[in-house]
Amino acid sequence: QVKLVESGGGLVQAGGSLRLSCAASGSIFRINAMGWYRQAPGKQRELVAMISRGGRENYADSVKGRFTISRDNAKNTVYLQMNSLKPEDTAVYYCNADGIGVAYWGQGTQVTVSS
C-alpha cells in the first residue's frame, strides 16, 4: 500500500501563490509518476500536472505557465507551486501516485482563490 499526505492548501487572493506538498509512504517502490488532480464543485476531477520518476512534466493547458510541478525522489515528495492564482483555480486538490497497475490518492486539500 501507498499512503499520500497532502499539505499547503488554503485561502489566497487572486494573483497570489500557494505551494502544495504531497509526501508518499509505504510501498513507494511501486510508484512511477506522481501528480495532482483537482475537483471543483459540480465538476469532474481533472488532471492539473504530473511528473514522471525521471522528471518529465505534463500540465493541463489551463495552468501552463502558472503552475510548476517538482519531485524530490529522496524524500518521496511531490510539490505543486501555484502562481498567479485565479478564482477558477478554486477546488479540492488531490495528490495522485501511479503505482503498478494501481492509482493511489491523497485525502485532498482545499484551495480557495478569492477575487
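The sequence shown begins at 11 in our numbering and counts up by one.
Glycine residues also receive a C-beta, built at the ideal position from the N, C-alpha and C atoms.
As the structure is a computational prediction, the values presented were derived from the model and not from experiment.
- Residue environment analysis places Ala-84 among the exposed positions, since fewer than 16 neighbouring C-beta atoms fall within 10 angstroms of its C-beta.
- Fully enclosed beta strand (DSSP E) runs of no fewer than 3 residues occupy 28-36, 44-49, 56-61, 67-69, 77-82 of the segment 21-91, in order along the chain.
- The distance from the Cβ of Ala-24 to that of Val-123 is about 6 Å, consistent with a contact at the 8 Å cut-off.
- Per DSSP, Leu-95 has no beta-bridge partner at all.
- Between the segment 55-71 and the segment 32-40 there are fewer than three C-beta pairs closer than 8 Å, too few to call the two in contact.
- As DSSP reads the structure, Gln-120 sits in a beta bridge with Val-102.
- DSSP places Val-12 in the strand class (E or B) of the three-state scheme.
- Under a 10 Å Cβ-count criterion, Val-121 is classified as buried, with 16 or more other Cβ atoms of the shown protein chains found around its own Cβ.
- Inclusion of Gly-18 and Thr-119 in the CB contact set at 8 Å is warranted, their separation being smaller than that value.
- Of the residues Lys-74, Gln-54, Lys-13, Leu-30, the one whose Cα lies closest to the Cα of Trp-46 is Leu-30.
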